[in-house]
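Undergrad: Following this message is one structure expressed as structure tokens.
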Amino acid sequence: MIGDRVRSLREESLLSISELAEKSGVAKSYISSLERNIKMNPSINVLEKISKGLGVPLEKIVISDKNVHRIDSEWINMLQTAINRGLTKKQFEHFILNRLEEENISK
């Protein structure tokens, strides 16, 4: 889960929750809830702030290690472009699902 990855990366960086909150501009209560998997659906903007506070690429938080080998750089760049354009996860998902439906692409 994302919260587990955030906690692991924060601990690897030897940062307290308070220090990460200060570096990222995200409330420490939010980070704490995220790490305890109470907050299960953080926005991409929040995750981007946290990744900057941790000094790691966003994909290190978003993509679990077990899936890294399955995602190439084009997908990562597409995700970064969506983030830079201000798309939320829901908007991105909605766009992808609509396009799949329009193209009649199925599993």
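Numbering (our numbering), first residue to last: 153 to 259. Don't be surprised by glycine CBs; every beta carbon is placed ideally from N, CA and C.
Whole angstroms is fine: what's the gap from residue 169's alpha carbon to residue 159's?
TA: Rounded to whole angstroms, residue 169 to residue 159 spans 9 Å at the Cα level.
Undergrad: Whole angstroms is fine: what's the gap from residue 193's alpha carbon to residue 185's?
TA: Each residue's Cα considered, the two are about 11 Å apart.
Undergrad: By the three-class DSSP mapping on this structure, what secondary structure does residue 259 have?
TA: With a pLDDT of 49 at residue 259, under the threshold of 50, the predicted position of this residue should be treated as unreliable, and no value is reported.
Undergrad: Do residue 165 and residue 202 count as a contact pair if the criterion is CB distance below 9 Å?
TA: In this structure, residue 165 does not lie closer than 9 Å to residue 202 by Cβ.
Undergrad: Quick one: what's got a C-beta closer than 8 Å to residue 216's C-beta in the same chain, skipping five residues either side?
TA: Excluding sequence neighbours, residue 216 sits near 157.
Undergrad: Rounded to the nearest angstrom, what separates residue 182 and residue 195 at their Cα positions?
TA: When rounded, the distance between both Cα atoms is 12 Å.
Undergrad: Give me the Cα-Cα distance between residue 259 and residue 248, rounded to the nearest whole angstrom.
TA: Any answer about residue 259 is weak, because its pLDDT of 49 lies below 50 and its placement is not dependable; what the coordinates show is given next. Each residue's Cα considered, the two are about 14 Å apart.
Undergrad: With a CB to CB cut of under 8 Å and the five nearest residues on each side skipped, what residues in its chain are close to residue 239?
TA: For residue 239, where only same-chain residues beyond five positions count, the Cβ hits under 8 Å are 196, 247.
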